[in-house]
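Asker: So the protein lines, in turn, are chains Z and V.
Following my numbering, the numbering of the first sequence begins with 73 at its first residue and continues without gaps.
Following my numbering, the numbering of the second sequence begins with 18 at its first residue and continues without gaps.
Positions of the beta carbon are idealized from the N, C-alpha and C atoms, including for glycine.
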Amino acid sequence: MANITNDEVDVVVVGLGWTGSLMSIELAQAGLKVRALERGEDRNNADFAYPKPADQYAYGVRNKIMVTPKDGALTVRHNMHSTALPTRKWGAFVPGTGVGGSGLHWTGVLIRPTPTDIKLKTYADQAYKPGILQEDMRIGDFPFTWEEMEPYLDKFDKICGLSGNTGNLRGEIQEGGDPFEGPRSNPYPLPALKDTLNCSMFAEAARKLGYHPFPNPSANVSQAWTNPYGNQIAPCNYCGYCSKYPCLNYSKASPQTAVMDALKRMDNFDYRVNANVLKVELHPDGKTARGVTYADADGNIVFQPAKIVVLAGFQFVNVRLMLLSGIGKPYDPITETGVVGRNYAYLSNGGTTLFFKDKHFNPFATAGATGQMFNDVSPGNYDGPSLGFIGGAKIHSSQATGTPIGTALPKGTPDWGQGWKEGMQDWYGHSMKISISTGCMSYRGHYVDLDPTYKDPWGQPLLRITFDWKENELKLQQYLRTIVNNIAQELSPDSYSESFLSMDSHWDITKYVSTHNVGGAVMGESPETSALNRYLQSWDVHNVFVPGGNAFPQNFQANPTALIGAITLFSAQAIKEQYLKNPGPLVQA
Amino acid sequence: MLLNKQTSRRKFLLSSLIALPALGVTIKGLTAAAAAEMIAPSLEGYSPTFFSAAEWAFITAACDRFIPANGRGPGALETNVPVFMDQQLAGDLGSEIYLEGPFDLKAPAELGYQIPYTPQEIYRNGIKAVDAWCKQTHRDTFAALDAATQNDVLKKLQASEVNFAEFGEEVLKAKAFFNEALALAKQGYLADPIYGGNKGMKAWIAIGFPGARASYLEWVAQHNVKYPLGPVSLNGDRG
Ligand SMILES: Cc1cc2nc3c(=O)[nH]c(=O)nc-3n(C[C@H](O)[C@H](O)[C@H](O)COP(=O)(O)OP(=O)(O)OC[C@H]3O[C@@H](n4cnc5c(N)ncnc54)[C@H](O)[C@@H]3O)c2cc1C
Numbered sequence: 073m074a075n076i077t078n079d080e081v082d083v084v085v086v087g088l089g090w091t092g093s094l095m096s097i098e099l100a101q102a103g104l105k106v107r108a109l110e111r112g113e114d115r116n117n118a119d120f121a122y123p124k125p126a127d128q129y130a131y132g133v134r135n136k137i138m139v140t141p142k143d144g145a146l147t148v149r150h151n152m153h154s155t156a157l158p159t160r161k162w163g164a165f166v167p168g169t170g171v172g173g174s175g176l177h178w179t180g181v182l183i184r185p186t187p188t189d190i191k192l193k194t195y196a197d198q199a200y201k202p203g204i205l206q207e208d209m210r211i212g213d214f215p216f217t218w219e220e221m222e223p224y225l226d227k228f229d230k231i232c233g234l235s236g237n238t239g240n241l242r243g244e245i246q247e248g249g250d251p252f253e254g255p256r257s258n259p260y261p262l263p264a265l266k267d268t269l270n271c272s273m274f275a276e277a278a279r280k281l282g283y284h285p286f287p288n289p290s291a292n293v294s295q296a297w298t299n300p301y302g303n304q305i306a307p308c309n310y311c312g313y314c315s316k317y318p319c320l321n322y323s324k325a326s327p328q329t330a331v332m333d334a335l336k337r338m339d340n341f342d343y344r345v346n347a348n349v350l351k352v353e354l355h356p357d358g359k360t361a362r363g364v365t366y367a368d369a370d371g372n373i374v375f376q377p378a379k380i381v382v383l384a385g386f387q388f389v390n391v392r393l394m395l396l397s398g399i400g401k402p403y404d405p406i407t408e409t410g411v412v413g414r415n416y417a418y419l420s421n422g423g424t425t426l427f428f429k430d431k432h433f434n435p436f437a438t439a440g441a442t443g444q445m446f447n448d449v450s451p452g453n454y455d456g457p458s459l460g461f462i463g464g465a466k467i468h469s470s471q472a473t474g475t476p477i478g479t480a481l482p483k484g485t486p487d488w489g490q491g492w493k494e495g496m497q498d499w500y501g502h503s504m505k506i507s508i509s510t511g512c513m514s515y516r517g518h519y520v521d522l523d524p525t526y527k528d529p530w531g532q533p534l535l536r537i538t539f540d541w542k543e544n545e546l547k548l549q550q551y552l553r554t555i556v557n558n559i560a561q562e563l564s565p566d567s568y569s570e571s572f573l574s575m576d577s578h579w580d581i582t583k584y585v586s587t588h589n590v591g592g593a594v595m596g597e598s599p600e601t602s603a604l605n606r607y608l609q610s611w612d613v614h615n616v617f618v619p620g621g622n623a624f625p626q627n628f629q630a631n632p633t634a635l636i637g638a639i640t641l642f643s644a645q646a647i648k649e650q651y652l653k654n655p656g657p658l659v660q661a
Numbered sequence: 018m019l020l021n022k023q024t025s026r027r028k029f030l031l032s033s034l035i036a037l038p039a040l041g042v043t044i045k046g047l048t049a050a051a052a053a054e055m056i057a058p059s060l061e062g063y064s065p066t067f068f069s070a071a072e073w074a075f076i077t078a079a080c081d082r083f084i085p086a087n088g089r090g091p092g093a094l095e096t097n098v099p100v101f102m103d104q105q106l107a108g109d110l111g112s113e114i115y116l117e118g119p120f121d122l123k124a125p126a127e128l129g130y131q132i133p134y135t136p137q138e139i140y141r142n143g144i145k146a147v148d149a150w151c152k153q154t155h156r157d158t159f160a161a162l163d164a165a166t167q168n169d170v171l172k173k174l175q176a177s178e179v180n181f182a183e184f185g186e187e188v189l190k191a192k193a194f195f196n197e198a199l200a201l202a203k204q205g206y207l208a209d210p211i212y213g214g215n216k217g218m219k220a221w222i223a224i225g226f227p228g229a230r231a232s233y234l235e236w237v238a239q240h241n242v243k244y245p246l247g248p249v250s251l252n253g254d255r256g
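#1: Taking 8 angstroms as the cut-off, does the segment 182 to 192 of chain Z touch the segment 449 to 463 of chain Z (at least 3 CB pairs, one atom from each stretch)?
#2: For the segment 151 to 171 of chain V, which residues have a beta carbon sitting closer than 8 angstroms to at least one beta carbon of chain Z?
#3: What residues in the segment 224 to 256 of chain V have a beta carbon less than 7 angstroms from any beta carbon of chain Z?
#4: Can you find a CB in chain Z that lies within less than 9 angstroms of the CB of Y212 of chain V?
#5: Is K266 of chain Z near A93 of chain V, with beta carbons less than 9 angstroms apart?
#6: For N87 of chain V, return the contacting residues in chain Z, with the cut-off set at a CB-CB distance below 8 angstroms.
#7: At the level of alpha carbons, what is the spacing between D143 of chain Z and T135 of chain V?
#8: Grab me the residues of H468 of chain Z's own chain with a C-beta within less than 6 angstroms of its C-beta, minus the 5 sequence neighbours each way, in chain order.
#9: Under the three-state reduction of DSSP, which class applies to W150 of chain V: helix, strand or coil?
#10: Can you determine whether any heavy atom of ligand 1 sits closer than 8 angstroms to the C-beta of Y366 of chain Z, and answer yes or no?
#11: Which chain Z residues are close to L94 of chain V, counting only those with a beta carbon under 8 angstroms from its beta carbon?
#12: Rounded to a whole number of angstroms, what is the C-alpha to C-alpha distance between T485 of chain Z and G495 of chain Z?
#13: Verify the contact flag: P632 of chain Z, CB atom, against every heavy atom of ligand 1, threshold strictly below 8 angstroms.
#14: In whole angstroms, what is the alpha-carbon distance linking N631 of chain Z and A191 of chain V?
#15: Would Q198 of chain Z be called buried (16 or more neighbouring beta carbons within 10 Å of its own) or exposed?
#16: Ligand 2 heavy atoms versus the CB of R210 of chain Z: any closer than 8 angstroms?
#17: Within the continuous alpha helix (DSSP H) that includes E219 of chain Z, where are the two ends?
#18: Alpha carbon to alpha carbon, what distance is there between D81 of chain V and T43 of chain V?
#19: What do you reckon, are the CB atoms on I97 of chain Z and Y301 of chain Z nearer than 9 angstroms?
#20: By how many angstroms is the C-alpha of T407 of chain Z removed from the C-alpha of L128 of chain V?
#21: Going by DSSP, name the residue or residues bridged to M504 of chain Z.
#22: Determine, using beta carbons only, whether L350 of chain Z and I380 of chain Z come nearer to each other than 9 angstroms.
#23: Using a Cβ-Cβ cut-off of less than 8 angstroms, give me the residues of the segment 161 to 182 of chain Z that come near chain V, in sequence order.
#24: Tell me whether T91 of chain Z counts as near ligand 1, meaning its Cβ is closer than 8 angstroms to at least one heavy atom of that ligand.
#25: Where does S96 of chain Z fall in DSSP's three states?
#26: Run the CB neighbour count on H614 of chain Z, radius 10 Å, all protein chains shown included, and call it buried at 16 or more, exposed below.
#27: Here's a check: name, in chain order, each residue in its chain whose Cβ is nearer than 6 angstroms to the Cβ of T217 of chain Z, leaving out the five neighbours to either side.
#28: On the premise that L176 of chain Z lies in contact with R115 of chain Z, defined as a C-beta separation below 8 angstroms, what is that separation, rounded to the nearest angstrom?
#29: Is DSSP giving C311 of chain Z helix, strand or coil here?
#30: Listed from N- to C-terminal order along the chain, which residues in the segment 116 to 147 of chain V have their beta-carbon within a distance smaller than 8 angstroms of any beta-carbon of chain Z?
#31: Cβ of Y112 of chain V less than 9 angstroms from any chain Z Cβ?
#32: For chain Z, find out if any of its Cβ atoms is closer than 9 angstroms to the Cβ of L83 of chain V; answer yes or no.
#33: Here's a check: name, in chain order, each residue in its chain whose Cβ is nearer than 8 angstroms to the Cβ of W530 of chain Z, leaving out the five neighbours to either side.
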């Protein structure tokens with residue numbers, strides 16, 4: 073029971089990362105009184121002045137600004153019949169905390185899904201003969217059209233000062249960009265980042281083999297940028313401390329650089345830090361929320377009344393809060409009923425490291441998003457239907473950081489002793505990587521629910537993930553492996569070593585892949601198969617909106633945040649234009 | 018805790034630097050890093066906070082094998098890697114781990130860390146077990162063995178060919194202990210010197226990593242040209 077009750081606000085926003093800051097500013101601009109509650113610390117750009125972030129041990133190894141597993145662990149199991157165990161240390165993914173959330177230390181690759189990715193189910197039904205895809209696959213269409221969402225993708229590109237080459241301008245294919253991208257209404261706001269040596273080598277080899285490489289679309293900006301909120305983002309200086317690091321140069325679009333300065337100047341917005349939201353409180357009829365309860369730093373339990381609740385705590389936090397609060401019916405994989413928890417998906421990665429004795433890659437001179445990629449192996453653009461699997465990959469050579477702890481060494485180099493020491497001297501800065509990051513389908517048996525055993529420090533059950541690799545994703549990996557190694561051979565390295573999933577691999581939570589967890593509270597056309605409608609509004613509790621990767625019915629090969637930003641802005645627009653006038657379900661079930 | 022130590026060490030360094038000319042030592046022609054390194058506390062003079070004397074003997078010996086002095090480039094002892102390890106273990110290393118039970122010691126490797134130990138307990142128990150095994154097998158502690166035998170012991174630990182359970186350690190596997198220690202030693206070798214290892218930024222100089230320079234706008238497009246400048250550290254020292 074709460075021992076403190078705050079003054080009522082129009083909107084309470086749970087979490088102040090990307091989605092929370094976007095929702096806050098958009099709704100505050102409409103004149104609403106908005107309060108954000110953030111579980112972590114306050115964080116300002118000035119906290120990360122040079123040289124502080126240039127510290128691999130603190131940020132890259134010890135995850136200094138991430139939530140600790142102690143506070144934020146989940147449990148994980150490979151199938152419904154085994155017992156889930158906690159993520160006692162972070163590995164495959166590392167969620168953020170504090171103002172800015174993961175948006176403070178993301179890499180900044182800001183790429184859109186394709187129009188086919190948005191309508192994957194429709195594509196699969198048309199292109200694949202019955203029986204080709206696994207029976208337990210549960211993919212879905214996103215409940216909006218490309219044309220409806222494009223203006224919001226465009227707006228988020230501008231908020232971030234997206235830097236790169238335009239590939240498709242209103243249907244016209246542009247030289248140097250991604251010919252497979254959906255038509256965009258405007259060119260990229262800023263030109264591409266400069267290429268590093270690995271980028272040029274990869275792009276040249278890929279082009280020679282018939283692929284269509286283009287610079288990674290980047291939210292580390294190439295030139296000074298003033299965004300639609302009036303915030304200024306400074307040109308990137310290629311400091312080499314980006315993925316997992318806060319930016320020391322105001323160059324990475326983040327909630328801080330792109331939103332917070334303008335937001336903090338608004339009188340009708342405020343925020344509390346060290347405010348860990350435990351539950352959404354519902355009215356007795358269960359149809360609307362009356363606010364949220366949080367624990368503050370002094371151990372108080374505080375009730376925050378609000379007319380609208382926005383859950384913006386990151387994918388798995390949002391789903392967990394829905395489950396803890398009784399918002400929507402929990403998913404049951406056996407009867408396949410209920411919706412909260414279904415369609416959990418992740419992504420896989422892999423790649424080949426190429427060693428060149430005589431080349432200097434200077435890997436420390438780089439922006440987070442630095443790289444070249446191609447999208448030729450994405451749904452609809454390669455022969456998936458006859459190969460027998462669906463989904464795609466970004467195939468890229470990126471150089472997110474060049475920090476030395478964890479440097480890859482050629483096969484056969486000892487991992488300790490004189491051989492390791494001399495190997496580090498011979499090979500640090502003399503390798504490049506060709507990588508894949510893949511989409512991931514959703515399946516009947518892949519879901520999240522509340523763990524029956526393990527609890528967090530506030531006594532609440534952890535979220536449990538049931539997930540493993542399926543044949544479809546593993547076959548895709550094998551196919552990509554051949555493509556990557558063909559490019560590697562084209563580059564004639566002195567040696568190379570590869571790491572891909574094999575057909576008997578299980579999901580490994582110890583090695584970093586990406587913090588691109590999706591699904592669990594997906595958006596859809598029907599309350600039978602989705603927790604949220606197209607406006608990210610809960611079908612069951614109409615004043616609860618849930619922006620985040622949780623809304624994706626499956627994962628596509630592109631990084632998620634471009635679409636997460638867009639659906640958040642789309643939802644904010646619907647709240648402003650429709651919900652405020654007539655609070656109630658925005659889509660009739 | 019670490020912070021206090023750093024400030025006092027920093028103060029010590031600064032005041033010593035100022036005192037250098039008075040002692041008749043010239044710092045002209047030396048980089049600040051070289052000067053700082055000259056007067057940084059030597060490994061012999063360091064008294065560990067976390068490790069006991071016996072554990073310290075083990076750790077320095079193991080570091081000397083993990084990253085030995087022989088061959089090209091600096092070794093772990095020359096770069097104070099054991100100091101780094103001691104300071105990390107005396108600090109908050111491991112406080113982030115989720116350690117609520119129950120524990121499944123037979124969990125598949127893909128599910129990661131599943132033992133009920135903090136890193137501090139891993140070192141305490143692991144060193145005890147290795148030394149017990151060494152005494153039984155080689156009639157002496159690890160630190161007292163010759164380098165070839167030590168390498169042999171480490172290889173056995175890495176391959177989990179030493180059964181800790183026979184020495185009362187039921188939870189920890191030899192390999193897990195080995196991996197923990199090796200990873201931390203490498204981190205200390207390559208981390209910023211502010212954490213006590215990588216003394217004089219020698220590891221960075223050896224591999225060609227410029228440390229905390231963090232500004233390469235004019236370098237990024239110069240392809241296949243060796244970067245000419247040495248490292249700087251978070252403290253502003255230059256190597
Ligand atoms: C290292 C890293 C690299 C990444 N790189 C990329 C990339 O290159 N491209 C890309 O598209 N995506 C990338 N991502 C993913 C990207 O950061 C996320 O998609 C994005 O931040 C999601 O926004 P969000 O608002 O849902 O979550 P976040 O930005 O993480 O914000 C959630 C906030 O909610 C707070 N919160 C959580 N629970 C509670 C609670 N109970 N009470 C109060 N507050 C709470 C958290 O502390 C956090 O501040 C990366 C992520 C990481 C970690």
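Answerer: If we stick to the structure as given:
#1: Result yes; three or more Cβ-Cβ pairs closer than 8 angstroms.
#2: Listed by position, the residues of the segment 151 to 171 of chain V near chain Z (Cβ gap below 8 angstroms) are N168, L171.
#3: Per Cβ criterion, the list reads I224, G225, F226, P227, A229, A231, S232, Y233, L234, W236, V237, A238, H240, N241, V242, K243, Y244, L251.
#4: Under the Cβ criterion of 9 angstroms, Y212 of chain V is counted among the residues facing chain Z.
#5: Taking 9 angstroms as the cut-off, the Cβ atoms of K266 of chain Z and A93 of chain V do not count as close.
#6: Under the 8 angstroms cutoff, chain Z gives Q490.
#7: Answer to the nearest angstrom: the Cα atoms are 16 angstroms apart.
#8: Excluding residues within five positions, the ones whose Cβ falls inside 6 angstroms are G443, M445, S507.
#9: Collapsing the DSSP output to three states places W150 of chain V in a helix.
#10: Relative to the non-hydrogen atoms of ligand 1, the Cβ of Y366 of chain Z comes within a distance shorter than 8 angstroms of at least one.
#11: Neighbours of L94 of chain V across chain Z, judged by C-beta separation under 8 angstroms, do not exist; the nearest C-beta is about 12 angstroms away.
#12: Within the model, the alpha-carbon separation for T485 of chain Z versus G495 of chain Z is close to 7 angstroms.
#13: Placement of the Cβ of P632 of chain Z at a distance of less than 8 angstroms from at least one heavy atom of ligand 1 is found.
#14: N631 of chain Z and A191 of chain V have their C-alpha atoms roughly 39 angstroms apart.
#15: Burial call: exposed.
#16: Ligand 2 is not part of this structure, which contains only ligand 1.
#17: Annotation for E219 of chain Z: the continuous alpha helix (DSSP H) segment containing it runs 218 to 232.
#18: With a pLDDT of 42 at T43 of chain V, under the threshold of 50, the modelled position of that residue is not reliable, and no figure is offered here.
#19: Yes, Cβ-Cβ distance for I97 of chain Z and Y301 of chain Z is below 9 angstroms.
#20: C-alpha separation (whole angstroms): 28 angstroms.
#21: Paired residues: Z:L426.
#22: Result no, Cβ atoms of L350 of chain Z and I380 of chain Z do not sit closer than 9 angstroms.
#23: Correct list: K161, G163.
#24: In this structure, T91 of chain Z has its beta carbon less than 8 angstroms from a heavy atom of ligand 1.
#25: Three-state DSSP puts S96 of chain Z in a helix.
#26: Buried.
#27: If we look at T217 of chain Z and ignore the five residues flanking it on each side, it has no Cβ neighbours.
#28: Contact check for R115 of chain Z and L176 of chain Z: beta-carbon distance about 6 angstroms, within the 8 angstroms limit, so the pair qualifies.
#29: Note: C311 of chain Z maps to strand in three-state DSSP.
#30: Flagged, chain order: L116, E117, P119, D121, A124, P125, A126, E127, L128, G129, Y130, Q131.
#31: Sequence inspection shows Ser at residue 112 of chain V; the Tyr mentioned does not correspond to that position. At a cut-off of 9 angstroms between beta carbons, S112 of chain V contacts chain Z.
#32: The question names Leu, but residue 83 of chain V in the sequence shown is Phe. Output row for F83 of chain V: interface = yes.
#33: Excluding sequence neighbours, W530 of chain Z sits near N348, L350, A367.
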